[in-house]
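Novice: Using the numbering used here, you'd call the opening residue of the sequence shown number 5 and step up by one each time.
Heads up, the beta-carbon is just placed ideally off N, CA and C, and yes, glycines get one too.
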Amino acid sequence: MDNDQLEKQQLEDKLRQMPKIKDNQSKETLYQKIELRLHEKQEHRRWSWLVPSIASFAVIGLLFLIVQGNMNRSYQNANESYSEQASTEEQEQSNVQFDQPEGIEEKSSLFSADEEQEKREITNNNQGSSLIYYKNVDEEKLFTIAAVDKYNNYAIPITLVDSSGGSANDYYNKINRFIADKQEALGLNVFPFDGLSFDIDVKNKRATLIVPESYRFPDGSSSAYVFEQMATIMFKPYGIQKLNIQSPDGNPVNLGPFGEISAIDIMLEEKHIYKIYQYNEKEPLLVPIKTNTDDTIEAALKQLKIDEPAFDVKGPIPEDASFDVVVNQDNLSLHFTEGPTLADDETTIMMIEAILMTAKSFNFDSITIDLPNDLDKVGKYRLNQTIPVPDGVNPNILH
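#1: Pull up the distance between the alpha-carbon of ILE425 and that of GLY254, whole angstroms please.
#2: Using three-state DSSP, classify ASP374 as helix, strand or coil.
#3: Would ILE301 and PHE366 qualify as a contact pair, given that the criterion is a beta-carbon distance under 7 Å?
#4: Note down the Cα distance separating ASN193 from SER326, rounded to an integer number of angstroms.
#5: Taking DSSP as the reference, what is the three-state secondary structure of THR295?
#6: Under the three-state reduction of DSSP, which class applies to GLY260: helix, strand or coil?
#7: Check whether the stretch 134-149 touches the stretch 260-276, counting contact only when three or more Cβ pairs, one atom from each stretch, lie closer than 8 Å.
#8: Quick one: measure Cβ to Cβ for ALA363 and LEU336, integer angstroms, because I've assumed they're closer than 8 Å.
#9: Have a look at ASN400 and ASN332 and give me their C-alpha separation to the nearest angstrom.
#10: Once you ignore the five residues that flank GLN13 on each side, which residues in its own chain have a CB closer than 7 Å to its CB?
#11: Out of curiosity, what's the CA-to-CA distance linking SER167 and LEU190?
#12: Closest by CA to ILE162, which one among PHE368, VAL317, GLY343, PRO241?
#13: Indicate whether ASN296 and SER226 have their beta-carbon atoms separated by less than 7 Å.
#14: In the DSSP assignment, what are the bridge partners of GLN250?
#15: May I have a chain-ordered list of the alpha helix (DSSP H) segments no shorter than 4 residues that lie completely inside the stretch 146-200?
#16: Would you identify the three-state DSSP class for PRO471, choosing helix, strand or coil?
#17: Hey, how far is the Cα of GLN233 from the Cα of PHE202?
#18: Going by alpha carbons, who is nearest to ALA314 out of LEU135, GLU143, ASP153, ASP369?
#19: Taking SER370 as the reference, give the member of LYS381, GLN389, ILE353, LEU379 with the closest Cα.
#20: With respect to the alpha helix (DSSP H) encompassing SER225, which residues constitute its N-terminal and C-terminal limits?
#21: Please state if the CB of TYR158 and the CB of VAL291 are separated by a distance shorter than 7 Å.
#22: Span of the beta strand (DSSP E) holding PRO345?
#23: Starting from SER326, trace the beta strand (DSSP E) in both directions and tell me its first and last residue.
#24: Would the stretch 242-253 count as touching the stretch 199-217 if we require 3 or more Cβ pairs under 8 Å?
#25: From ASP395 to ILE356, what distance separates their C-alpha atoms?
#26: Restricting to Cα atoms, I'd like to know which of ASP334, PRO344, ASP328, ASP316 is closest to PRO322.
#27: Closest to PRO320 by CA distance: which of VAL330, LEU308, LEU402, ASN258 is it?
#28: Excluding the 5 residues flanking LYS198 on each side, which residues of the same chain have their C-beta closer than 8 Å to its C-beta?
#29: Based on the DSSP output, what are the partners of PRO399 in its beta bridges?
#30: Roughly how far, in whole angstroms, is the beta-carbon of TYR283 from the beta-carbon of ASP316, given that I think they are within contact range, below 8 Å?
#31: From MET271, VAL206, TYR229, pick the residue whose C-alpha is nearest to that of THR236; which is it?
#32: For GLY143, count neighbouring C-beta atoms within 10 Å of its own C-beta (all shown protein chains included) and say buried if the count is 16 or more, exposed if not.
#33: Any idea if SER134 is buried or exposed, counting beta-carbon neighbours within 10 angstroms, 16 or more meaning buried?
#34: Helix, strand or coil for ILE391 per DSSP?
#35: Report all residues from its chain with a CB closer than 7 Å to the CB of LEU67; omit the five preceding and five following residues, and keep chain order.
#36: Under the three-state reduction of DSSP, which class applies to PHE202: helix, strand or coil?
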C-alpha cells in the first residue's frame, strides 16, 4: 500500500470514530437558509460597487462648485469693471461744454457754473423728442429756417443742427428741400421759395434775397405777413436788421402784395409767446405768436393758457393751472399754486419748453419752475433749479 492510500484509510478511520450529529431541520428550512445567505452575498456585491461610485460623484460635485464659484467671481469682477467704465464714460459725457448760438451776441450776465452744468445735463439727456435744442461745442452750427402752418397763418421755425461745417448759404438756399422732407410728418406747407436765392453774410450781418423777374409772389395779405415773420425768424438770430430784396441786376422788384420793394425790416424788438401747433395728431411743434411789444412777461404767460382750435394751436399751460411770477434780473421764476393735471408726462414737458422759448423771446437767460403735487422733476428737467433758455427750437438734426 502506497502512502496516498494509507493517508486516505487513516482519514476514513478517524471520521468513523467521530460522534454522530443529528440535524432535525427539514429540507425546506435548510433550503431557505441557504437562499437567504445567497441573497445576502448578492446584496453585498451590489453595494460594494456603489460606495466608490458615490465617492466619485462627491468629488465631481465638489469640483463643479469650485469652478462655478470661480466663474461667478469672474462674472462679478467683469460687471464691476463694466460699471466703472460706464460710469467713467457718463462722467466724461457730462463734461461737454456749451457756447451761445452762432451770430448771437453774448449777454452781459453769464451763466453760473450750476446753470452751465444744468444746461449740459439737459443737452446730453433730453434731445430725443424735445421741441428745443441746446447747442453743443464748436463742431455744431445752428441754422433756423421757416415753414408755414396748414392754414397759412403762422411762420414756424425749424432749427437745422449741422456738424459738417456747412455755411448759411448752403442751407438757406435749400429751405424747401428740408421742409419737404418733414412736410407730411409735421403738417406743414412749403413757402414758394423755388427760383429765389439768398446771399447771406453772417459776419457783416447782411442778407439779400434775389428775385428773378419771372417770379410771382403769392397773393393775399396773409402771405405778406407770414413772409415777414419768416424773415424775422430766419435772420433775427444773426442780428441782421433788414432783408434786402433785389432783382439779379440789383434793382427793386415787384413783390405781389408788397408792391415794388427793396428791403423788408427784420423785427429785432418783436416779442413772441410760444404755443403748440399740432395738425391732425401729427408731430407737435412750437409756434411763435406775436405779442404786443409793451406786454409784460406776466401778461404774455397768461396768453399761454388760450387755445386756438381753428388753427390747431393749443395753449401749453393748462386752464386749471394757477401760477405766480417773480422776475430776478435775467431769471424768470414761476411758482404754480394749482395745476391738478400737471404731471411727469409729455404734456408738461412741452409746457416747460414753451415757457423756456417765451422767456428767451423776452430776453431772459433762464427760468425756474416750481410745480405742485410734490413734483421735483419732469422728464429731464429738474424743478426748483435754474434751467437755461435753449439755443434752438423744433430741431432737425442733420448729421
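Specialist: Taking the structure as given:
#1: The requested residue 425 does not occur in the structure, where the chain is confined to residues 5 to 403.
#2: Look at ASP374 here: in three-state DSSP terms it is strand.
#3: Contact: yes.
#4: Approximately 35 Å, taken between the alpha carbons.
#5: THR295: strand per DSSP, three-state reduction.
#6: DSSP, read as helix, strand or coil, puts GLY260 in helix.
#7: A contact between stretches requires three or more CB pairs, one per stretch, nearer than 8 Å, and the stretch 134-149 fails this requirement with the stretch 260-276.
#8: The beta-carbon separation of ALA363 and LEU336, rounded to 5 Å, stays under the 8 Å limit for a contact.
#9: Rounded to the nearest angstrom, the two C-alpha atoms are 33 Å apart.
#10: Apart from sequence neighbours up to five positions away, no residue of its chain approaches GLN13 with a beta-carbon distance below 7 Å.
#11: The alpha-carbon atoms of SER167 and LEU190 are separated by roughly 23 Å.
#12: It is PRO241 whose Cα lies nearest to the Cα of ILE162.
#13: Cβ distance not < 7 Å, so ASN296 and SER226 don't count as in contact.
#14: Answer by DSSP bridge pairing, in chain order: ILE214.
#15: Segments of the alpha helix (DSSP H) lying fully in the stretch 146-200: 172-176, 179-190.
#16: Examination of residue 471 is not possible in this model, given that the chain is present from 5 through 403 alone.
#17: Answer to the nearest angstrom: the Cα atoms are 16 Å apart.
#18: Residue ASP153 is the option with its Cα nearest to ALA314.
#19: Of LYS381, GLN389, ILE353, LEU379, the residue nearest in Cα terms is GLN389.
#20: Run containing SER225: 225-239, per the alpha helix (DSSP H) assignment.
#21: Yes, the Cβ-Cβ distance between VAL291 and TYR158 is below 7 Å.
#22: The residue asked about is misnamed: residue 345 is Thr in this sequence, not Pro. Element bounds for THR345: n/a, residue is neither H nor E.
#23: SER326 -> beta strand (DSSP E) spans 326-332.
#24: Touching, yes, given that three or more Cβ pairs across the two stretches are closer than 8 Å.
#25: As the crow flies, the alpha-carbon of ASP395 is around 15 Å from that of ILE356.
#26: For the residues ASP334, PRO344, ASP328, ASP316, the minimum Cα distance to PRO322 belongs to PRO344.
#27: The shortest C-alpha separation from PRO320 is found at LEU308.
#28: Reading the sequence as shown, one finds Asp at residue 198 and not Lys. Non-local beta-carbon contacts of ASP198 in its own chain, meaning distances under 8 Å to residues more than five positions away in sequence, involve ASN180 in chain order.
#29: When DSSP reads this structure, PRO399 sits in a beta bridge with THR163.
#30: Going by Cβ atoms, the distance from TYR283 to ASP316 rounds to 5 Å, so yes, they are a contact pair.
#31: The shortest CA-to-CA distance from THR236 to any of MET271, VAL206, TYR229 is the one to MET271.
#32: Note that residue 143 is Glu in the sequence shown, not Gly. By the 10 Å Cβ count, GLU143 comes out exposed.
#33: Result: buried.
#34: Shown here, ILE391 sits in a strand according to DSSP, grouped into three states.
#35: For LEU67, the predicted structure reports a pLDDT of 47, less than 50, and the residue's modelled location is therefore unreliable. The matter cannot be settled from this model.
#36: Strand at PHE202.
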